[in-house]
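There are 2 protein chains.
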Amino acid sequence: MSDTHTDVPSIAAAALPTPVPRAEHELCPVSGLMSRIGDRWSLLVIALLAARRYRYNELHRSIEGISQRMLTRTLRALEDDGLVDRVVYPTVPPAVEYGLTPLGETLLVPLSALADWAVDHAGDIPAARSDRTDARTAGAAGKE
Amino acid sequence: MSDTHTDVPSIAAAALPTPVPRAEHELCPVSGLMSRIGDRWSLLVIALLAARRYRYNELHRSIEGISQRMLTRTLRALEDDGLVDRVVYPTVPPAVEYGLTPLGETLLVPLSALADWAVDHAGDIPAARSDRTDARTAGAAGKE
DNA sequence: CAGAATCCTTATCGATACTG
DNA sequence: CAGTATCGATAAGGATTCTG
Chain A
1124 MSDTHTDVPS
1134 IAAAALPTPV
1144 PRAEHELCPV
1154 SGLMSRIGDR
1164 WSLLVIALLA
1174 ARRYRYNELH
1184 RSIEGISQRM
1194 LTRTLRALED
1204 DGLVDRVVYP
1214 TVPPAVEYGL
1224 TPLGETLLVP
1234 LSALADWAVD
1244 HAGDIPAARS
1254 DRTDARTAGA
1264 AGKE
Chain B
1124 MSDTHTDVPS
1134 IAAAALPTPV
1144 PRAEHELCPV
1154 SGLMSRIGDR
1164 WSLLVIALLA
1174 ARRYRYNELH
1184 RSIEGISQRM
1194 LTRTLRALED
1204 DGLVDRVVYP
1214 TVPPAVEYGL
1224 TPLGETLLVP
1234 LSALADWAVD
1244 HAGDIPAARS
1254 DRTDARTAGA
1264 AGKE
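Structure follows, in structure tokens:
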């Protein structure tokens, strides 16, 4: 069950058909997910909602620099994806509450794994940037 | 060590300071990573390189619809992040080989977790899209 | 309070042509 | 072969104004 000894990640074992057709990667659920939560705000919104439920303006105040437009769009997109739910209390003035759906909660697990990796290797990435030896030239006849 | 019984994902346990300052999420390694590999092509390139090393035009042919410009930019970005390495063989005509770095290999693990989630719930997301009941109204006086 | 609508600036991307 | 350079189209994002 624990496959820690088999470190062949599924993504490597997938063996994509080459050439990968347009439709293949345009409709790919993985790419789709990454495009959605890979934007500027989604991940942050998810991270906040991971802790508790928020009201609209509360989120707005909690994320420095986000515009109303983008907050609304981000929330709508996440809602459309079924990751976030939206509850309207018909009071005056209206109150709207946002939170993660059960589906959204399950996403937290793999997302946390990625987050942990990013934090773990946060130092490696800038290091690699500076380390840019640019076009390292190998022995000419060395290849296969 | 193994926190499989504690299903509180690290992202939820993080408890962000609110308001989250601009610098906080702009320099956040997690958001940074997501922005980088969350674009249209990076993930696909990584997935291909996860299986084996590729030459430039080989990648170009393998990804239907990618332009030279974007392939180059994507590879450069991944290289700058230390995820991909580039080896130039000074032959004529020149041959350039791309592959994952050790760091890139380690990324495959959390990335695969996310990919597995995406594939698992690929059905749920379109389902939730259609299920859009829009602004579900709850009992008015129900809240805190 | 929670947004929708509008405008406008900027970043992104693809196609094409050219080069060592 | 493996790119770079340039250009135009498009999309993303922010600021502002207005509304139920």
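Residue numbers (the numbering used here), protein chains in the order written: chain A, 1124 to 1267; chain B, 1124 to 1267.
From the three backbone atoms N, C-alpha and C, an ideal C-beta is built for every residue, glycine too.
Just so we're clear, the structure is a prediction, and the values are computed from it rather than from any experiment.
Which residue from the options puts its Cα closest to that of residue i?
i       : options                            : result
B/G1227 : B/D1203, B/S1133, B/S1185, B/D1162 : B/D1203
B/R1163 : A/L1166, A/L1172, A/A1174, A/H1148 : A/H1148
A/S1235 : A/R1209, A/R1196, A/L1167          : A/L1167
A/R1209 : A/T1229, A/R1176, A/E1181, A/S1154 : A/R1176
A/D1243 : B/T1229, B/H1244, B/A1200, B/L1194 : B/T1229
A/Y1212 : A/P1233, A/R1178, A/L1194, A/V1131 : A/R1178
B/P1225 : A/I1248, A/G1155, A/T1224          : A/I1248
B/T1141 : A/A1135, A/L1156, A/N1180          : A/N1180
A/P1233 : A/L1156, A/A1135, A/A1136          : A/L1156
Is the separation between the beta-carbon of residue i and that of residue j shorter than 8 Å?
i       : j       : result
B/L1198 : B/Y1221 : yes
B/V1143 : A/S1185 : yes
A/L1289 : B/A1170 : Because chain A spans 1124 through 1267 in this model, residue 1289 of chain A falls outside it and cannot be assessed.
A/P1152 : B/A1241 : yes
A/R1145 : B/E1187 : yes
Give the residues of chain A in contact with residue i, contact being defined as C-beta atoms less than 7 Å apart.
i       : result
B/M1157 : I1160, G1161, L1166
B/T1141 : S1185
Identify the contact partners of residue i in chain B, using a Cβ-Cβ distance below 7 Å as the criterion.
i       : result
A/G1188 : R1145
A/P1152 : A1241, V1242, A1245
A/L1230 : W1240
According to DSSP, what are the bridge partners of residue i?
i       : result
A/E1220 : A/R1178, A/V1210
A/I1186 : B/V1143
Just to check my reading of the structure: residue i and residue j have Cβ atoms closer than 8 Å, yes? What is that Cβ distance to the nearest angstrom?
i       : j       : result
B/L1113 : B/A1173 : Because chain B spans 1124 through 1267 in this model, residue 1113 of chain B falls outside it and cannot be assessed.
A/S1158 : B/G1161 : 6 Å
A/D1239 : B/S1165 : With 8 Å as the limit, A/D1239 and B/S1165 do not qualify as a contact, their Cβ atoms being about 20 Å apart.
B/L1182 : B/L1201 : In fact, because the Cβ distance is near 11 Å, the residues do not count as touching under 8 Å.
What residues from chain B crowd round residue i, counting only those whose CB sits closer than 8 Å?
i       : result
A/L1201 : Chain B residues near A/L1201: none, gap ~10 Å exceeds 8 Å.
What does residue i touch in chain A if you count any residue whose Cβ is under 8 Å from its own?
i       : result
B/P1132 : A1173, L1231, V1232, L1234, S1235
Chain B partners of residue i, CB-CB under 9 Å?
i       : result
A/L1226 : H1244, D1247, I1248, A1251
Hey, would you say the C-beta of residue i is under 7 Å away from at least one heavy atom of the ligand MG?
i       : result
B/L1237 : The ligand MG is absent from the structure shown, which contains no ligand whatsoever.
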